[in-house]
Amino acid sequence: MAKSPFFIFNSLRPNPKPYFLSPFQCFTTGSEPGNLTEVAGAICGIIRTRPRWEDTLISTFPSVNFSNPAILNEVLKLQNNVFLNVRLFHWLSSQSGFSPDPLVCKSLFDSLVEAKASVLAKSFIDAVPQFSMDPRSLESLIRVLCEDGYVDEALDLFHKLKSSGVCPSLGTWNSALAGSVRAKRTDVVWKLYGEMMDRGVTSDVETVGHLIQAFCIDNNVERGYELLCQIRDGGGIPGNVALNKLMSVLSKEGNFYRVSELLHLMIATNNNPDIYTYQEVINGLCKRKKVVEAYRIFNDLKTRGYAPDRVMYTTMINGLCRMRLLGKARKLWFEMMKKGMLPNEYTYNALIYGCCKMHLLEDAWKLHKEMSNKGCNLNTISYNILIAGLCKNRMASEACDLFEEMSRNGIIRDTITYNSLIRGLCSEGDLAKARILFEELVASGLQPSTSSYTPLIEHFCQVGSTQQALELWMDMVSKGVEPSIYNHECIIAGLCKDGSSVEGMQWLSEMLERKLIPRRMTFVSLIRCLLQQDKLDAAFLVVNSMLLTGYALGKSLCCSLLKDAEKLQLFVSCSCYYLPLPQREECHRLM
DNA sequence: CTAGGGTTAG
1 MAKSPFFIFN SLRPNPKPYF LSPFQCFTTG SEPGNLTEVA GAICGIIRTR
51 PRWEDTLIST FPSVNFSNPA ILNEVLKLQN NVFLNVRLFH WLSSQSGFSP
101 DPLVCKSLFD SLVEAKASVL AKSFIDAVPQ FSMDPRSLES LIRVLCEDGY
151 VDEALDLFHK LKSSGVCPSL GTWNSALAGS VRAKRTDVVW KLYGEMMDRG
201 VTSDVETVGH LIQAFCIDNN VERGYELLCQ IRDGGGIPGN VALNKLMSVL
251 SKEGNFYRVS ELLHLMIATN NNPDIYTYQE VINGLCKRKK VVEAYRIFND
301 LKTRGYAPDR VMYTTMINGL CRMRLLGKAR KLWFEMMKKG MLPNEYTYNA
351 LIYGCCKMHL LEDAWKLHKE MSNKGCNLNT ISYNILIAGL CKNRMASEAC
401 DLFEEMSRNG IIRDTITYNS LIRGLCSEGD LAKARILFEE LVASGLQPST
451 SSYTPLIEHF CQVGSTQQAL ELWMDMVSKG VEPSIYNHEC IIAGLCKDGS
501 SVEGMQWLSE MLERKLIPRR MTFVSLIRCL LQQDKLDAAF LVVNSMLLTG
551 YALGKSLCCS LLKDAEKLQL FVSCSCYYLP LPQREECHRL M
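Mapping of the first sequence onto UniProt numbering: residues 1 to 591, in sequence order.
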């Protein structure tokens, strides 16, 4: 265990001879193999025991010529640690007079690739450009880089190979495509595939499988499906990973005709659907609110011998919770535990969401505590679910406590966190606190969304602070956030409340110009406001555009208008041409 | 020994 430098010197002392040889004489004859091993061992010892061996190595071994492949190879072999070896190599390279041996470079590089140290191997190549690694080694590096998700670096190597006139094997192309798909870098997928085509590489089913997945990532299921049909007609079928991905997208977009077609195809070609496949089907059905169907399939699978795993249970529990079927969700929760599967953060989040939806905040809160006691990873989403649930149930102050707990636990808050709280505080009338949170949202560098402004604008208008709402509007526009139809309507309602009916009309006409269709209520309140101020002509103008928008007059509004029957008659005779027959009849009847 | 799946507001 004596690893001090003194120990090394002691062990060297009996045979100091080599240190007094000139660099060119040193270990070049092979006549003293014992010395070579011994010195290499001493060098390794220094490197192993001194964290800053770079400072002393040369002065300790002044006569050792590290450019000599025999000695360097011996050191590398003895040291048997690829990372230390590379560090030594890079350091030597920075010393003047060092000229690395090509074989040493190759063996170092190969050991890096073998250790799957993708980044180090790539930077090794970049640092030692004078050596061209052989194409087989480069191809292995491409695979390792892709496994680790460094697809740009892999692409760079493809170009290196290309410039040296070598075309990689299909396996290398495929692994690069696989890595790019995994990293969701479809730009790289298409670039690689384009180059494959240019160089006349014949692709196989695996290639097609990757392309199908890339189309799915690009939201282009149609092309993915087409590709599947093509290869099917040619007698091939890609693996289940690609098919399941296609299934996932088809199912989420509700194309259940094709989902079932794909299931049949899988069965017919002996690519039997697995739990991943059915999990995608069930998830899609739930997303499309066909939870009863999903639940039927889920139970069906169990009787047919499939063993749902935790993800599948969670998906089903989540679907049931979304549709307020909390009882069934709880049943599955216990069933899952009985089978020895513990709920994880996804499962907890699903059930907490369900409890919130059913206004069972005690239960939700209990689950939240249980979750953190059991060491589940509480993340932004778990907090967001409970915060939104509390806010919806008028428990904004409890939600604020959770908000504080987040920062204590080091959980990042996102826009949704803030938006939920702002909404909750506004609906309980605490506009001041909501406003502070809004400022905090902006100050923390998050981009506010339409939903950050909506509750504030809505409630400022409701309490008669339309001016503040208008300021928020300006802020919104200046930050490039698109106001919603509802935002417009709130402002109009606020202006009416303030008696600013003319401004209200301006806002309304701007909405109509921008083809934003207000709710009927917006027209009605503006008309009532104008009538109250005896602005009859203006009121009739608004009535006209309301009818043109396709809303009926309605009895109570007609009664208000009938107070000035003469003008109503004038209006009706002018505008009935525009009206659909039932409304025209309604007007005449009311006359 | 291989890939691939699930969660939040309005």
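C-beta: ideal position from N, C-alpha, C; glycine also.
Look at residue 406 here: in three-state DSSP terms it is helix. Spanning the alpha carbons of residue 458 and residue 142 requires a straight line of approximately 56 Å.
Following the DSSP letters along the chain, one finds residue 53 in no alpha helix (DSSP H), marked with neither H nor E. Only exposed fits residue 102, as fewer than 16 other CB atoms lie within 10 angstroms of its CB. Shown here, residue 500 sits in coil according to DSSP, grouped into three states, outside any helix or strand. Within the same chain, 390, 421, 424, 425, 427, 428 and 430 come within 8 Å of residue 396 by CB-CB distance, once the 5 residues on both sides are set aside. Looking at 557, 511, 530 and 256, the one whose alpha-carbon comes closest to that of residue 549 is 511. Between residue 242 and residue 213 a beta carbon distance of about 5 Å is seen, short of the 8 Å cut, so the two are scored as contacting. Along the region 261-319, the alpha helix (DSSP H) occurs as fully enclosed runs of 4 or more residues at 275-287 and 291-303, listed in sequence order. The straight-line gap separating the alpha-carbon atoms of residue 158 and residue 245 is approximately 27 Å. The shortest CA-to-CA distance from residue 136 to any of 310, 280 and 170 is the one to 170. Put simply, the backbone Cα of residue 230 is about 23 Å away from that of residue 280. Remark: C-beta atoms of residue 378 and residue 371 approach each other more closely than 9 Å. Secondary structure note for residue 420: its alpha helix (DSSP H) is the uninterrupted segment 415-427. Assigned with DSSP and collapsed to three states, residue 393 falls in coil, not helix or strand.
One thing to note: residue 44 has its Cβ no nearer than 9 Å to the Cβ of residue 86. In this structure, the CA atom of residue 309 is about 25 Å from the CA atom of residue 255.
Between the region 346-359 and the region 309-322 there are three or more inter-stretch CB-CB distances shorter than 8 Å, so the stretches are counted as touching. Residues 82 of the same chain have their beta carbon placed closer than 6 Å to that of residue 111, with the five preceding and five following residues left out of the count. In this structure, residue 131 sits away from residue 168, with a CB-CB distance that is not shorter than 9 Å. DSSP places residue 455 within a helical segment (H, G or I) once states are collapsed to three. Under the 10 Å beta carbon count, residue 257 is surrounded by fewer than 16 other beta carbons and is classified as exposed. Sequence-distant partners of residue 209 (beyond 5 residues in either direction) whose C-beta falls short of 6 Å from its own C-beta, in its chain, are 238, 239 and 242.
Taking 9 Å as the cut-off, the Cβ atoms of residue 307 and residue 275 count as close. Taking the Cα of residue 181 as reference, the smallest distance to any Cα among 165, 215 and 202 is reached at 215. Here the region 112-122 makes no contact with the region 87-95; the two share fewer than three CB pairs at distances below 8 Å. The continuous stretches of alpha helix (DSSP H) do not include residue 323, and DSSP gives it neither H nor E. Going by DSSP, residue 135 is part of the alpha helix (DSSP H) stretching over 135-147. The Cβ-Cβ distance between residue 547 and residue 527 does not fall below 9 Å.
The Cβ atoms of residue 522 and residue 489 lie closer than 9 Å to each other. DSSP places residue 189 in the uninterrupted alpha helix (DSSP H) bounded by 186-198. One thing to note: residue 394 has its Cβ no nearer than 9 Å to the Cβ of residue 446.
Cβ atoms of residue 418 and residue 441 come within 8 Å of each other, at about 4 Å. Secondary structure at residue 368: helix, using DSSP grouped into helix, strand and coil. Going by DSSP, residue 90 is part of the alpha helix (DSSP H) stretching over 82-94.
One alpha carbon belongs to residue 199, the other to residue 193, and they sit about 10 Å apart.
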